[in-house]
Amino acid sequence: MPQGQPVSIPDDGLTTRQRRNRPLLFVHTGTGKGKSTAAFGLALRAWNQGWPIGVFQFVKSAKWKVGEENALKVLGASGEGGTVAWHKMGEGWSWVQRGLHGDNTDNEEKAREGWEQVKRDLAAETYRLYVLDEFAYPMHWGWIDTDEVVEVMRNRPGTQHVVITGRNAPAKLVGAADLVTDMSKVKHPMDAGQKGQRGIEW
Numbered sequence: 001m002p003q004g005q006p007v008s009i010p011d012d013g014l015t016t017r018q019r020r021n022r023p024l025l026f027v028h029t030g031t032g033k034g035k036s037t038a039a040f041g042l043a044l045r046a047w048n049q050g051w052p053i054g055v056f057q058f059v060k061s062a063k064w065k066v067g068e069e070n071a072l073k074v075l076g077a078s079g080e081g082g083t084v085a086w087h088k089m090g091e092g093w094s095w096v097q098r099g100l101h102g103d104n105t106d107n108e109e110k111a112r113e114g115w116e117q118v119k120r121d122l123a124a125e126t127y128r129l130y131v132l133d134e135f136a137y138p139m140h141w142g143w144i145d146t147d148e149v150v151e152v153m154r155n156r157p158g159t160q161h162v163v164i165t166g167r168n169a170p171a172k173l174v175g176a177a178d179l180v181t182d183m184s185k186v187k188h189p190m191d192a193g194q195k196g197q198r199g200i201e202w
């Protein structure tokens, strides 16, 4: 196990073990590729530890299949690690810019329904790791109240870890998180006109 020395030790009354094992809130944001990929890598580690995992995928279509979905479902059903539940939250909103494609009321409702389910699962301590993929979008658009998300995350019971991905993560969410990674794009094949390909994007 890697042995790192903390920069400072907070005066929080916790033992080293208690501090090490406290639940974490991760935020993966920025314009670069790899935010969800990193979150699903974390899910692989959680699966290996035998943790139950809940993936809540706020993506462009319920029909969209990412490669990690099939892989993690197979692993979850294998009986060798943790269980994996995969939830898709609706049709066509995470990549749709507001106001450009008609009425977004239905999409907002689906986003809120997904968030309500996340809240129920957190209250019930259903999973040990939650991947809220592309969840930064509905907060950025104002569909889901960031203050409420921060409050729920601060008060979640047990040892539930949560990773939230997506561009434009609100500042209040970033401030509340324990670990924030901003993935900045330096170069991408799409800049040279190359479309996404199998095994790389999906």
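For the sequence shown, the positions run 1 to 202 when my numbering is used. Virtual Cβ for every residue (Gly too), placed ideally from N, Cα, C.
Query raised in the report: Grouping DSSP H, G and I as helix and E and B as strand, with all else coil, what is Gly-41?
Result: helix
Query raised in the report: In three-state DSSP terms, what is Val-59?
Result: coil
Query raised in the report: DSSP state of His-140, grouped into three classes?
Result: helix
Query - Those residues which DSSP pairs with Trp-47 across a bridge - result: For Trp-47, which the question treats as bridged, DSSP gives no partner whatsoever.
Requested in this report: Identify, in the order they occur along the chain, each residue of the same chain with its Cβ nearer than 8 Å to the Cβ of Phe-56, setting aside the five sequence neighbours on each side.
Outcome: His-87, Met-89, Gly-114, Gln-117, Val-118, Tyr-130, Val-131, Leu-132, Asp-133, Phe-135
**Report entry** Segment contact flag, the stretch 153–166 with the stretch 184–200, C-beta cutoff 8 Å, min 3 pairs
**Finding:** no
Report task. Give the C-beta separation of Gly-81 and Trp-47 to the nearest angstrom, bearing in mind that I take them to be a contact with Cβ-Cβ under 8 Å. Result -> 4 Å
Requested in this report: Put Leu-173 into one of helix, strand or coil per three-state DSSP.
Outcome: helix
Requested in this report: May I have the straight-line CA-CA distance separating Ala-71 from Trp-51, to the nearest angstrom?
Outcome: 16 Å
Query raised in the report: If we ignore side chains and look at the alpha-carbon of each, how far apart do Val-74 and Gly-41 end up?
Result: 15 Å
**Report entry** Reduced DSSP secondary structure (H/G/I, E/B, other) of Gly-114
**Finding:** helix
Query raised in the report: Since Thr-179 sits in a beta bridge, which residues does DSSP pair it with?
Result: Looking at the sequence provided, one finds Leu at residue 179 rather than Thr. Its beta-bridge partners are Phe-26.
Query - Cα-Cα separation, Ala-176 to Val-59 - result: 24 Å
Query raised in the report: Can you tell which of His-28, Val-149, Val-84 has its C-alpha closest to the C-alpha of Gly-166?
Result: His-28
Query - Residues bridged to Trp-202 (per DSSP) - result: Bridge partners of Trp-202: none, in fact.
**Report entry** Backbone secondary structure at Gly-13 - three-state DSSP
**Finding:** coil
Query raised in the report: Taking the alpha-carbon positions, what's the Gly-76 to Arg-45 distance?
Result: 12 Å
Requested in this report: Report yes or no: is there a C-beta of chain D within less than 7 Å of the C-beta of Asp-191?
Outcome: You won't find chain D in this structure, because it holds only one protein chain.
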